[in-house]
Amino acid sequence: MLLENRRNEKINRTFIKDEVYDTLSNWIITGYLEPETKININDLSEKLGISRTPVREAILKLENEGLILSKANRWTIVAPIDLDASFYTYSVVASLEMLALEQAFDKIDDDFINALQKINAKLDLAFKNLDTMELLNYDNEFHDSFIYLSKNPELPSIIHPLKKKIQRVELSFFKDNDGKSNTFGEHKALIEALKKRDLELAKLCLKANWYNSINLVKGKSKNKDK
Numbered sequence: 123m124l125l126e127n128r129r130n131e132k133i134n135r136t137f138i139k140d141e142v143y144d145t146l147s148n149w150i151i152t153g154y155l156e157p158e159t160k161i162n163i164n165d166l167s168e169k170l171g172i173s174r175t176p177v178r179e180a181i182l183k184l185e186n187e188g189l190i191l192s193k194a195n196r197w198t199i200v201a202p203i204d205l206d207a208s209f210y211t212y213s214v215v216a217s218l219e220m221l222a223l224e225q226a227f228d229k230i231d232d233d234f235i236n237a238l239q240k241i242n243a244k245l246d247l248a249f250k251n252l253d254t255m256e257l258l259n260y261d262n263e264f265h266d267s268f269i270y271l272s273k274n275p276e277l278p279s280i281i282h283p284l285k286k287k288i289q290r291v292e293l294s295f296f297k298d299n300d301g302k303s304n305t306f307g308e309h310k311a312l313i314e315a316l317k318k319r320d321l322e323l324a325k326l327c328l329k330a331n332w333y334n335s336i337n338l339v340k341g342k343s344k345n346k347d348k
């Protein structure tokens, strides 16, 4: 674990627990902490300029989310990426987002649709610029719009940890926006359905968007096993 490359990443002490968690989560998702990297609490606390307690708390939370694995008194590592298991993660998120769309539907107005169009345009630009991280960020922003509009307080806490696993898969296996060429068009079809105020069509478009990603992951998994 080459922590010496990030010597200046000190933690803001105001919200120390959250910042430690966010920092470590980001390092795992982006691959800075690679799968199966051994985690040393002392090294991390020294690197971040904090005590070991918030690091332990962050690691426990990340372990609960499946991004870290540990065996008591023996080892703690970054979880490997399991493409086969990620199929189930995608399926759960897809189902929950369709629920969010249903619960948000009556609140969707022209301003919301215009906001979606702007996000999708930024996503398309990121795709053309081969900026995978930006593309995934705008993709998340697009989908999160329905979650927050639904006003369902349970959804963010369930979906967002799962989406971290998905983002990790996509950053690892879909380089140079591989597999994301249809995302802009799929989002556009969903927006058109919303303009027509057609809930069933919108749900079909959202489902197609997610299941196209699921099929890509299945393809990656099959290629990995060859």
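For what it's worth, the numbering used here labels the leading residue of the sequence shown as 123, then goes sequentially.
Yeah, the Cβ is synthetic: ideal placement off N, Cα and C, and Gly gets one too.
Going along the chain, which residues of its own chain have a beta-carbon closer than 6 Å to the beta-carbon of residue i, five neighbours each way excluded?
{"i": "residue 198", "result": "161 and 192"}
{"i": "residue 256", "result": "248"}
{"i": "residue 234", "result": "none"}
{"i": "residue 340", "result": "none"}
{"i": "residue 321", "result": "227"}
Who pairs with residue i in a beta bridge, going by DSSP?
{"i": "residue 190", "result": "200"}
{"i": "residue 160", "result": "199"}
To which residues of the same chain is residue i closer than 7 Å at the C-beta, ignoring the five residues directly before and after it?
{"i": "residue 278", "result": "269"}
{"i": "residue 151", "result": "286, 289, 290 and 293"}
{"i": "residue 238", "result": "264, 267 and 313"}
{"i": "residue 153", "result": "293 and 294"}
{"i": "residue 342", "result": "205 and 295"}
{"i": "residue 138", "result": "172 and 176"}
Report all residues from its chain with a CB closer than 8 Å to the CB of residue i; omit the five preceding and five following residues, and keep chain order.
{"i": "residue 225", "result": "272, 273 and 274"}
{"i": "residue 242", "result": "260, 264, 306, 309, 310 and 313"}
{"i": "residue 240", "result": "none"}
So residue i packs on residue j, CB below 8 Å; how close in whole Å?
{"i": "residue 316", "j": "residue 230", "result": "6 Å"}
{"i": "residue 328", "j": "residue 214", "result": "In fact, because the Cβ distance is near 14 Å, the residues do not count as touching under 8 Å."}
{"i": "residue 184", "j": "residue 147", "result": "6 Å"}
{"i": "residue 156", "j": "residue 200", "result": "7 Å"}
Validate contact between the region 213-224 and the region 169-188 using beta carbons, cut 8 Å, 3 pairs:
no
Touch test, the region 300-315 against the region 329-341, Cβ-Cβ under 8 Å, three pairs minimum
yes
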